[in-house]
Structure formats: structure tokens, C-alpha cells
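Residue numbers (the numbering used here), protein chains in the order written: chain A, 1 to 152; chain B, 1 to 316.
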């Protein structure tokens with residue numbers, strides 16, 4: 001009989017990342033093909049533009065037990081759709097302020113601009129977010145019902 | 001106040017008889033003491049039904065949204081500002097509404113009077129300029145009006161409607177010294193933990209009756225996000241997460257449009273202080289984008305536009 005040795009399982013955050021198709025997704029790709037190392041805690045959802053990210057997506061993710069959300073898009077002025085990220089920027093500013101006002105920890109909702117050439121920046125952003133969320137611990141606020149750790 | 005009431009009737013009669021409007025929306029006596037209800041007058045004979053006093057708290061702009069005919073609306077500062085917001089959002093054309101601007105010294109918060117009286121029931125009330133006379137079984141009291149005003153009226157910065165077609169009476173002095181964001185700032189100075197506990201306690205009272213949404217003139221969506229079933233974004237349970245999310249998203253939806261008329265707080269049967277949330281959205285808009293809702297007919301709400309150099313200190 002095979003005995004599987006189960007080590008003490010370390011808690012690892014799960015982070016939902018919305019990456020825009022034209023910049024950040026390509027940036028993540030570059031980080032990958034350049035063999036850059038970054039924590040494997042993110043799950044990527046590719047969206048056409050950061051402007052596609054409805055605040056509902058972010059709140060819903062937090063409700064379903066994701067430990068953090070990262071939204072990443074093109075730098076201002078570089079949007080494939082000219083102004084999608086500028087519209088998104090105002091939305092996210094208000095959403096982030098509101099969530100923090102209600103007492104959601106600042107590290108749970110993250111935004112960044114990563115261009116297709118910034119593989120290294122992408123890796124750093126992810127490292128940074130994971131580090132922050134690890135310090136915060138598993139998400140509890142806004143989570144609906146009882147969600148077992150690691151099972152969003 | 002008597003004078004204002006008469007002037008409102010005169011203006012309304014003139015508008016109706018000259019066929020400038022098809023309908024006047026104002027206030028009439030309610031069936032209960034300390035209450036008025038919205039009144040819809042389309043015949044000159046009914047003009048005498050219109051009243052004006054400090055218990056005229058309903059926000060009448062709610063009843064203009066979706067109307068095809070020309071209407072005249074009795075509007076306090078907050079009503080007029082909300083009409084302006086709805087006009088910017090193209091809910092009705094500006095020429096369809098005649099704003100009868102009325103200077104307002106604040107409306108009464110019935111809950112404060114009920115608190116003061118405890119179990120005793122008000123059977124009769126007279127609202128005067130300076131005082132409120134309430135009568136009931138075994139008591140006959142006179143309250144100073146200013147102690148029983150709505151919280152939003154205490155720091156109101158637009159007691160005279162900024163936008164109007166006809167102005168009734170004389171302009172009243174504006175409040176300049178009060179800090180409208182005092183409550184928000186004191187919450188902000190607390191830690192995230194404390195704020196969370198505070199809102200948890202406050203919002204867990206919510207029974208999801210949606211009175212706050214139904215009374216809000218800005219909640220005119222045909223299908224509200226909480227009623228949507230395909231996709232069903234958020235649950236309808238009173239699990240704390242669902243309730244919280246309802247209030248967060250509603251606050252987000254009225255951000256940059258809310259003028260703090262206080263209708264949601266007054267409508268809440270569970271006494272939730274919704275102003276704490278709404279006022280925060282106002283503060284965000286003022287600090288980030290220098291915008292105040294409802295004071296102009298040209299400026300678009302902040303979430304409806306963008307600038308290249310918007311603040312982005314929160315983005316890495």
C-alpha cells in the first residue's frame with residue numbers, strides 16, 4: 001500500500017487576476033516566455049480591456065472567497081480602445097475608496113498598469129500582491145456563508 | 001410658511017390655468033399627523049389641496065422621472081438638484097418640467113420626535129415656522145423645530161434651489177459654517193477593523209425591503225441589479241455578505257449623483273444610517289474630481305467622463 005506523506009499544508013492565497021488582452025495579458029506572457037519566476041497564486045481571466053471589468057466582478061470574487069483581486073490594464077494613453085482604461089480608472093478609484101471605507105483591507109483589491117513589454121513589472125506586481133495578501137491572511141470579510149480555505 | 005403656501009398655490013394656479021403645465025406635483029396633508037403625501041393636481045379646483053410646511057419631506061423628483069406630460073414641481077433645494085441630475089442623465093427633457101423653487105429651512109425627522117415621545121402616539125400635530133405642537137392622549141407638547149430636523153438638513157449647503165424656473169418667497173441664508181463631512185471624517189479616522197465592525201453592526205439590521213432604493217429618485221433602472229436573474233449577480237438573502245454588497249453597489253451606483261436629500265435614511269424602517277455611505281461617495285467625488293451633483297445642468301457626473309490626468313495614486 002502506498003503511503004502518501006501529507007505535510008502540514010501551508011495556506012496559499014488565491015488571487016483572481018483580470019488582465020487586459022492587449023497589454024497585461026501579453027505582459028504576463030512575456031514574463032512566462034522570459035522564464036521569470038513569480039508566485040503561482042494568481043488565476044488569470046483574460047478580458048478585452050480593463051474597462052470591461054465591471055465592479056460587480058471584483059465584489060463577486062471577494063464574496064466567493066477569493067483572497068484578493070488584481071486588475072491590470074494598459075498604461076493611460078495606450079488603451080487599444082483609446083479610453084477604456086481611463087473610464088475604468090475612475091470607476092476603480094471610487095470602488096476602492098468605498099471598499100476601504102467599509103473596512104475591507106486595502107490589499108484585497110489591486111490595480112496596475114502593465115504594458116506588453118513589461119514582463120518584469122508583471123512578475124513584480126504579482127510578487128507584491130501575493131506578499132501583501134499573505135500578510136493579511138485568508139479573506140473573511142464579505143465572504144458569503146462559510147467557504148473552506150482554498151476553495152473559492 | 002402660510003405665505004409660502006399661498007404663493008405656491010398662486011404660482012401653481014397660474015401655471016395650470018395658462019396651460020404651461022398639465023400637472024402640478026406638490027404636497028398635500030397626509031392622513032397621519034406630521035405627514036404629508038405627494039399630491040398630483042391637474043385641475044384648478046384642486047389647487048387648495050397643496051400645502052407647504054416642514055413635514056414636506058418626500059423627494060418629488062422621483063415622480064417626474066418617466067413622465068411624458070409637462071409638469072410643475074414644488075421643489076426644495078434637494079429636489080431641484082435631483083431634477084437637474086435626472087435632466088443631465090436624460091430621464092426627461094428640461095423643458096418638460098417647471099421647477100417651482102421653494103426656500104427650505106429643513107424638514108422634520110419624524111423618527112426623532114417618536115424617539116422623544118417613546119411609547120406615546122401623536123394624534124394631532126401642527127407644524128409652525130419655529131415650533132412643532134404635538135398632542136396625544138395625556139400630553140400636549142411644544143418642541144422647537146430646529147432640534148428635530150433631518151440630519152441631512154443640518155448641514156445642507158443648498159437650502160435655496162440652485163436651479164429653478166419660478167422662485168416662491170424670499171431666499172433664506174445658506175448654512176456656511178457646518179462641516180457636512182464630519183461624520184464621514186470621524187469614521188475615516190478609525191481603523192479598518194473598527195469601521196468594518198461599525199458597518200457590520202449597522203448593515204446587519206437591514207431586512208432587504210429595498211425601501212431605500214424605491215424612494216431614491218436616482219434608482220430608476222428598469223431592472224435593479226439585485227433583481228436581475230440572468231445573470232443573478234448577488235444573492236437576495238440577508239446573509240451579511242449579500243446585504244453589504246447590496247449597499248456597497250447601491251452607493252457605487254449613486255456615487256457622483258447623490259445630493260444627500262436623506263430620503264433613504266428617512267425611508268429605512270430599521271433606522272440604518274445610510275447617509276454615512278452616501279456622504280462618503282459625495283466626499284470621494286468632491287475630493288477626487290471636484291464635483292458637486294445637481295448644481296449645474298452642463299457638468300457630467302464624474303463616472304460619466306474621464307480626464308487624462310485623473311489621480312491614480314492607487315494604481316501600481
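For each residue, glycine too, the CB sits at the ideal point set by N, CA and C.
Here the structure is a predicted model, which means the values were calculated and not measured.
Check whether residue i and residue j have beta carbons under 7 Å apart
i, j, result
"residue 106 (chain B)", "residue 122 (chain B)", "no"
"residue 159 (chain B)", "residue 77 (chain B)", "yes"
"residue 268 (chain B)", "residue 212 (chain B)", "yes"
"residue 205 (chain B)", "residue 115 (chain B)", "no"
"residue 127 (chain B)", "residue 54 (chain B)", "yes"
"residue 42 (chain A)", "residue 126 (chain A)", "yes"
"residue 99 (chain B)", "residue 164 (chain B)", "yes"
"residue 71 (chain B)", "residue 60 (chain B)", "no"
"residue 72 (chain A)", "residue 19 (chain A)", "yes"
"residue 86 (chain A)", "residue 306 (chain B)", "yes"
"residue 192 (chain B)", "residue 137 (chain A)", "no"
"residue 94 (chain A)", "residue 248 (chain B)", "no"
"residue 129 (chain B)", "residue 69 (chain B)", "no"
"residue 112 (chain B)", "residue 143 (chain B)", "no"
"residue 15 (chain A)", "residue 61 (chain A)", "no"
"residue 256 (chain B)", "residue 302 (chain B)", "yes"
Residues bridged to residue i [DSSP beta-bridge criterion]
i, result
"residue 43 (chain A)", "A:16"
"residue 132 (chain B)", "B:127, B:143"
"residue 233 (chain B)", "In the DSSP output, where bridge partners are listed per residue, residue 233 (chain B) has none listed."
"residue 149 (chain B)", "B:108"
"residue 113 (chain A)", "A:73"
"residue 71 (chain B)", "B:23, B:97"
"residue 225 (chain B)", "Answer by DSSP bridge pairing: none, since residue 225 (chain B) is not bridged."
"residue 37 (chain B)", "B:28"
"residue 315 (chain B)", "A:111"
"residue 51 (chain B)", "B:27"
"residue 68 (chain A)", "A:15"
"residue 343 (chain B)", "With chain B running from 1 to 316 in the structure shown, residue 343 (chain B) is simply not present."
Buried versus exposed call for residue i [16 or more other C-beta atoms within 10 Å across all chains shown]
i, result
"residue 243 (chain B)", "buried"
"residue 51 (chain B)", "buried"
"residue 197 (chain B)", "exposed"
"residue 16 (chain B)", "buried"
"residue 11 (chain A)", "exposed"
"residue 148 (chain A)", "Low per-residue confidence applies at residue 148 (chain A): pLDDT is 48, beneath 50, and the placement is therefore not dependable, though the value from the model is reported in the following sentence. By the neighbour-count rule (16 or more Cβ atoms within 10 Å), residue 148 (chain A) is not buried but exposed."
"residue 153 (chain A)", "The requested residue 153 (chain A) does not occur in the structure, where chain A is confined to residues 1 to 152."
"residue 63 (chain A)", "buried"
"residue 231 (chain B)", "exposed"
"residue 46 (chain A)", "exposed"
"residue 139 (chain B)", "exposed"
"residue 9 (chain A)", "exposed"
"residue 220 (chain B)", "exposed"
"residue 150 (chain A)", "Note that residue 150 (chain A) has pLDDT 49, beneath the 50 cutoff, so the model's placement of it is unreliable and no number is given."
"residue 19 (chain B)", "exposed"
"residue 201 (chain B)", "exposed"
"residue 97 (chain A)", "buried"
"residue 124 (chain B)", "exposed"
"residue 82 (chain A)", "exposed"
Contact set between residue i and chain B, taken where Cβ atoms lie within less than 9 Å
i, result
"residue 111 (chain A)", "312, 314, 315, 316"
"residue 60 (chain A)", "233, 234, 245"
Beta-carbon neighbours of residue i, restricted to chain B and to distances below 8 Å
i, result
"residue 224 (chain A)", "Outside the modelled stretch of chain A, which goes from 1 to 152, sits residue 224 (chain A), for which no answer is possible."
"residue 83 (chain A)", "306"
"residue 141 (chain A)", "196"
"residue 86 (chain A)", "306, 307, 308, 310"
Under 9 Å from the C-beta of residue i: neighbouring residues of chain A
i, result
"residue 399 (chain B)", "Residue 399 (chain B) is absent from the model: chain B starts at 1 and stops at 316."
"residue 235 (chain B)", "63, 144"
"residue 239 (chain B)", "144, 145"
"residue 303 (chain B)", "87, 90, 91, 94"
Contact list for residue i against chain B, beta-carbon separation under 7 Å
i, result
"residue 105 (chain A)", "192"
"residue 76 (chain A)", "308"
"residue 38 (chain A)", "By Cβ distance, chain B contributes nothing, its closest Cβ being about 14 Å from residue 38 (chain A), past 7 Å."
Listed by chain order, chain A residues near residue i by CB distance under 8 Å
i, result
"residue 252 (chain B)", "55, 94, 95, 98"
"residue 281 (chain B)", "94, 98"
Interface partners of residue i on chain A, CB under 7 Å
i, result
"residue 242 (chain B)", "144"
* For the 8 Å Cβ check, are there 3 or more pairs between the stretch 238-253 of chain B and the stretch 170-180 of chain B? -> no
* Asked: Counting Cβ pairs, one atom from each stretch, are 3 or more of them under 8 Å apart for the stretch 288-306 of chain B and the stretch 58-75 of chain A?
  -> no
* Inter-stretch contact (C-beta, 8 Å, three-pair minimum) for the stretch 254-265 of chain B and the stretch 274-282 of chain B -> Judged by Cβ distances under 8 Å, the stretch 254-265 of chain B makes contact with the stretch 274-282 of chain B, as three or more pairs qualify.
* To do: Note down, in chain order, all residues in the stretch 117-131 of chain A with a beta-carbon under 9 Å from any beta-carbon belonging to chain E.
  => Chain labels in this structure do not include chain E; the protein chains are A and B.
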